[in-house]
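S.K.: For the sequence shown, the positions run 1039 to 1424 when my numbering is used.
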Amino acid sequence: MKIAILGFGTIGTGVYEIISTYKAKSLTDVEVVKVLDLPQNKDKLDIITDNYDDILQDKSIDCVVETMGGLHPAYEFITAAMKAKKHVVTANKAVVAKYMEEFIALALENKVRFLFEASTGGGIPWIASLEKAKRVDDISELYGIFNGTSNYILDAMTNQGKDFDEVLKKAQELGYAEADPSADIDGYDVQNKVVISSAVAYNTKINMEDFPCYSLRTINRIDINYFKKLNRTIKYIGEAVVNNTGYEAYVMPNALANDTVEANVNSNFNIATLYGQSIGPLKFYGQGAGKLPTANAIVQDILDIQSPIGSLIDFSNKLAYQPTQENVYVIRSTNTVDMTNIETKEEFEGQTYYTTKPIVASTLVELVKSVDDSQAFVAKLAAFKG
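Put into structure tokens, the structure is as follows:
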């Protein structure tokens, strides 16, 4: 199989390295014949081109691997590749979350494959596991730590007593966080992964505008210490659940009991859990990002193209956002809080913490809006099934 790589940054070079350097027997027939990159980089490799038409018009190229990131021109390049009867593999969570339904339809129309394992979970085989699980089981819940940057920050704050800004700067120095870290710490990255995971698990398209997403950037050391007092650890969780009337989802800090698996996931590692009707909870742990783990998932998809299995996602299950689960939340704020749905109010190290009664997510959203505090911190007192 001959492939072309779009983008030759961290992930693109990782894919090239695995295919060209590693000697796995399964990769014997896989060859990188073109790389799309900037004109100034053409001297790095003799197969680099800055003209995408060189790839589209090359009939020997079977598969295009998109590693550029962002919505555009990734969207245009992916659609053009499939219209040219080329398979597409991508790690681009943003473009997959937004255009997944269109991409899958286009792949079916052109009798090619569109694969995106690396978009969610990096090196963890999460998408493939969801697809296999749902063949024989009804998946009712999925959740996890889907972002390595935010987990690295929380781990350092919890176990080293460091401040948020200090740890974020270190994460940027190590390459875990971008210069603009908003996608990681404001939850957009996890939102995209929840949308993609839900499409695979539930055959449905969910809208990230519907469900709550609370940023991590307002957390401080006092918050960490407050939950330590409760024998809980803060983790940044994405979750999606189907119920009798629709679905509910969120991205937000969770205060987890210290003895849970998720509370003990350290550094920049990820963990994802699915809950099946017959199988119960299945957990998948590993490197959720990074050059070679993500590139490994891409190469796995390239090899899967030769498999006869087609897409198991048809978006036939039309679900509306309908939160019904009641949960307990903690809000830290210096502003006045409506006490109607508040169970307890507690002062701790100069901060005020309000613990709610069991409420549904829509009530939480209205309560947080009414507090009107851009520096408020919100966490769920979580208790997962498995």
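Think of the CB as a built atom: it goes at the ideal place given N, C-alpha and C, for glycine as much as any other residue.
Closer than 8 Å by C-beta to Thr-1039: which residues in its own chain qualify, once you throw out the five before and the five after it? Chain order, please.
M.R.: In the sequence as displayed, the identity of residue 1039 is Met instead of Thr. Excluding positions up to five away in sequence, the list reads Asp-1067, Val-1068, Glu-1069, Asp-1100, Cys-1101, Ile-1340, Ile-1343, Gln-1344.
S.K.: Going by DSSP, which residues form a beta bridge with Asn-1379?
M.R.: According to DSSP, Asn-1379 bridges with nothing at all.
S.K.: Do you know whose CA, among Tyr-1226, Arg-1270, Ile-1234, lies nearest Pro-1250's CA?
M.R.: Tyr-1226
S.K.: Please state whether the Cβ-Cβ distance between Tyr-1252 and Phe-1386 is less than 8 Å.
M.R.: no
S.K.: Leaving out five residues before and five after Asn-1304 in sequence, what residues of the same chain have Cβ atoms less than 7 Å from its Cβ?
M.R.: Asp-1193
S.K.: Residue range of the beta strand (DSSP E) that Phe-1415 falls in?
M.R.: 1415-1419
S.K.: Between Thr-1158 and Ser-1235, which are expected to be in contact by the criterion C-beta below 8 Å, what is the C-beta distance as a whole number of angstroms?
M.R.: Beta-carbon to beta-carbon, Thr-1158 and Ser-1235 are separated by about 6 Å, close enough to satisfy the 8 Å threshold.
S.K.: Look at Lys-1329 and Ile-1049 and say whether their C-beta atoms are less than 8 Å apart.
M.R.: yes
S.K.: Quick one: is Asn-1269 buried, meaning 16 or more other Cβ sit within 10 Å of its Cβ, or exposed?
M.R.: With fewer than 16 Cβ atoms within 10 Å of its Cβ, Asn-1269 is classed as exposed.
S.K.: What is the DSSP secondary structure of Ala-1132, reduced to helix, strand or coil?
M.R.: helix
S.K.: Check whether the stretch 1373-1383 touches the stretch 1304-1313, taking contact to mean three or more Cβ pairs, one atom from each stretch, closer than 8 Å.
M.R.: Pairwise C-beta distances place the stretch 1373-1383 out of contact with the stretch 1304-1313, as fewer than three of them are shorter than 8 Å.
S.K.: Could you give the first and the last residue of the continuous alpha helix (DSSP H) run that contains Thr-1298?
M.R.: Run containing Thr-1298: none; DSSP gives neither H nor E here.
S.K.: What first and last residue would you give for the beta strand (DSSP E) that runs through Asn-1308?
M.R.: 1307-1314
S.K.: Work out the CA separation of Ala-1239 and Val-1228 for me, nearest whole Å.
M.R.: 16 Å
S.K.: Have a look at the DSSP bridge pairing and note the partners of His-1125.
M.R.: Cys-1101
S.K.: Need the endpoints of the alpha helix (DSSP H) that Leu-1180 sits in, please.
M.R.: From DSSP, Leu-1180 is part of no alpha helix (DSSP H) but of the beta strand (DSSP E) over 1177-1183.
S.K.: In chain order, what residues of the same chain have a beta carbon less than 7 Å from the beta carbon of Val-1398, not counting five sequence neighbours either side?
M.R.: Pro-1361, Thr-1362, Gln-1363, Glu-1364
S.K.: Considering just the uninterrupted stretch of the alpha helix (DSSP H) at Lys-1267, what are its terminal residues?
M.R.: Its alpha helix (DSSP H) spans residues 1259-1267.
S.K.: What residues in its chain sit with their C-beta under 7 Å from that of Val-1299, if we drop five residues either side in the sequence?
M.R.: Ile-1309, Lys-1321
S.K.: Determine, using beta carbons only, whether Ile-1162 and Gly-1326 come nearer to each other than 8 Å.
M.R.: Annotated as proximal: Ile-1162 and Gly-1326, with beta-carbon spacing under 8 Å.
S.K.: Tell me the rounded alpha-carbon separation between Asp-1410 and Ala-1287.
M.R.: 22 Å
S.K.: Using a 10 Å radius around the Cβ and a threshold of 16 neighbouring Cβ atoms, would you call Val-1174 buried or exposed?
M.R.: exposed
S.K.: Is the separation between the beta-carbon of Thr-1476 and that of Val-1053 shorter than 8 Å?
M.R.: Not covered by the structure: residue 1476. The range shown for the chain is 1039 to 1424.
S.K.: If you count every other CB in all the chains shown that lies within 10 Å of the CB of Ala-987, and 16 or more means buried, which is it?
M.R.: Lying outside 1039 to 1424, the shown extent of the chain, residue 987 is not represented and no answer is given.
S.K.: Just curious, the alpha helix (DSSP H) that Glu-1204 is in, first and last residue?
M.R.: 1202-1212
S.K.: Suppose you measure from the CA of Ile-1260 to the CA of Asn-1302; what does that come to, to the nearest Å?
M.R.: 20 Å
S.K.: Would you check if the distance between the CB atom of Gly-1150 and the CB atom of Lys-1124 is smaller than 8 Å?
M.R.: Reading the sequence as shown, one finds Val at residue 1150 and not Gly. Yes, Cβ-Cβ distance for Val-1150 and Lys-1124 is below 8 Å.
S.K.: Quick one: residues in its chain with C-beta nearer than 7 Å to the C-beta of Ala-1295, no 5 flanking neighbours on either side, listed in chain order?
M.R.: Asn-1269, Arg-1270, Ala-1301
S.K.: Three-state secondary structure (DSSP) at Gly-1052?
M.R.: Helix.
S.K.: Could you check the C-alpha separation between Arg-1370 and Glu-1114 for me, to the nearest Å?
M.R.: 44 Å
S.K.: What is the rounded straight-line gap between the Cα of Thr-1187 and the Cα of Lys-1407?
M.R.: 27 Å
S.K.: Can you tell me whether DSSP reads Gly-1108 as helix, strand or coil?
M.R.: coil
S.K.: Between the C-alpha atoms of Asp-1176 and Ile-1183, what's the straight-line distance to the nearest angstrom?
M.R.: 22 Å
S.K.: Give the DSSP-derived three-state secondary structure of Ile-1041 in the structure shown.
M.R.: strand
S.K.: Between Ala-1042, Leu-1083, Thr-1196, which lies nearest to Gln-1095 when the distance is taken from Cα to Cα?
M.R.: Ala-1042
S.K.: Below 8 Å CB to CB, which residues in the same chain sit around Ala-1293 once its five sequence neighbours on both sides are set aside?
M.R.: Result list for Ala-1293: Phe-1265, Leu-1268, Arg-1270, Thr-1271, Ile-1272, Val-1368, Ala-1417, Lys-1418, Leu-1419, Ala-1420, in chain order.
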